[in-house]
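Student: Going left to right, the sequence shown walks through residues 0 to 167 as numbering that gives the first Met the number 0 numbers them. Positions of the beta carbon are idealized from the N, C-alpha and C atoms, including for glycine. These figures come from a predicted structure and were not determined experimentally. Quick one: the structure is below, questions incoming.
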Amino acid sequence: MYDMFYTNMMILVVFYLMMFFFFSFHPLILGLILILLTFILSSLNFVFFNNSWSGYIMFLMFLGGLLILFLYNISMIETELFPTNFIKMIKSWWWLFFLFLFSLKESFSAEKNLFSLLKDDYMNLFIMFKYWFNVITFVFLIFYLFFCLICVINVVYLNKDKGSLWTN
């Protein structure tokens, strides 16, 4: 029951953020909402499938895509102010605040304490590196991300003369 409650709360927050996504128009707010949605969905992926690698890879892919979108928006738009409507903002954040308070009420009545949760996470991390396949996958992921970093640096360096962000 403890895990199902938090799973249902995360799903409610995902639906709330998706509805909030339609009411905001500024690229920075949309990017922040996408980062939060990706983090929550990767957490749900871990809860449902008990596999943290697929959620981690999904989060990194979305973060890389958002970085590209952020650079594109920065290069295309001029500096503009946030369209602030504080009444709408306060109304929308109150729902999230009440969801958070409701989840805190349930967490204090749960039977698991913090130390057992920390011990379980430590043991899962130890088991992850116990088998060689996981270590090889981890090293391969490090080399793949390093290779992607080198490729992006080369593309940016080659396009430097074509009018990118770093022109003087």
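Take Leu35 and list the residues in its own chain whose beta-carbon comes closer than 7 Å to its own, dropping the five residues that flank it on each side.
Tutor: Indexing the sequence shown from 1 puts residue 35 at position 36. Excluding residues within five positions, the ones whose Cβ falls inside 7 Å are Leu16.
Student: State buried or exposed for Gly54, treating a residue as buried only when at least 16 other CB atoms are found within 10 Å of its CB.
Tutor: Here residue 54 is taken as the residue at index 55 of the sequence shown, counted from 1. With 16 or more other Cβ atoms within 10 Å, it is buried.
Student: Rounded to a whole number of angstroms, what is the C-alpha to C-alpha distance between Leu140 and Met60?
Tutor: As a working mapping, residue 140 is identified with position 141 in the sequence shown. As a working mapping, residue 60 is identified with position 61 in the sequence shown. Those two C-alpha atoms are separated by around 13 Å.
Student: Can you give the Cα-Cα distance for Tyr143 and Leu70, rounded to whole angstroms?
Tutor: Working through the sequence shown from its first residue, we reach residue 143 at position 144. Working through the sequence shown from its first residue, we reach residue 70 at position 71. Those two C-alpha atoms are separated by around 22 Å.
Student: Which runs of the alpha helix (DSSP H) fall wholly inside the region 13-48 and span at least 4 residues, in chain order?
Tutor: Entirely contained in the region 13-48, the alpha helix (DSSP H) runs reaching 4 residues are, in chain order, 26-48.
Student: Helix, strand or coil for Asn7, going by three-state DSSP, please let me know.
Tutor: Counting from 1 along the sequence shown, the entry for residue 7 is found at position 8. If DSSP states are grouped into helix, strand and coil, Asn7 belongs with the helices.
Student: What's the gap between the Cα of Leu11 and the Cα of Asn153?
Tutor: Along the sequence shown, one-based indexing puts residue 11 at 12. Along the sequence shown, one-based indexing puts residue 153 at 154. Whole-angstrom Cα-Cα distance: 42 Å.
Student: Just checking my contact of Ser41 with Phe58 at CB under 8 Å: how many whole Å lie between their CB atoms?
Tutor: Looking up residue 41 in the sequence shown gives position 42. Looking up residue 58 in the sequence shown gives position 59. Sure, about 4 Å apart at Cβ, within 8 Å.
Student: Give me the Cα-Cα distance between Phe24 and Phe47, rounded to the nearest whole angstrom.
Tutor: By one-based count along the sequence shown, residue 24 stands at place 25. By one-based count along the sequence shown, residue 47 stands at place 48. Approximately 32 Å, taken between the alpha carbons.
Student: Rounded to whole angstroms, what's the CA-CA distance from Cys150 to Leu65? Just pull it up for me.
Tutor: Indexing the sequence shown from 1 puts residue 150 at position 151. Indexing the sequence shown from 1 puts residue 65 at position 66. Near 18 Å, if we compare the C-alpha coordinates of Leu65 and Cys150.
Student: Could you check the C-alpha separation between Met8 and Trp52 for me, to the nearest Å?
Tutor: Taking the first residue of the sequence shown as position 1, residue 8 is located at position 9. Taking the first residue of the sequence shown as position 1, residue 52 is located at position 53. Whole-angstrom Cα-Cα distance: 23 Å.
Student: Report the three-state DSSP secondary structure of Asn153 (helix, strand or coil).
Tutor: Here residue 153 refers to the residue found at position 154 when the sequence shown is read from its first residue. DSSP places Asn153 in helix when its eight states are reduced to three.
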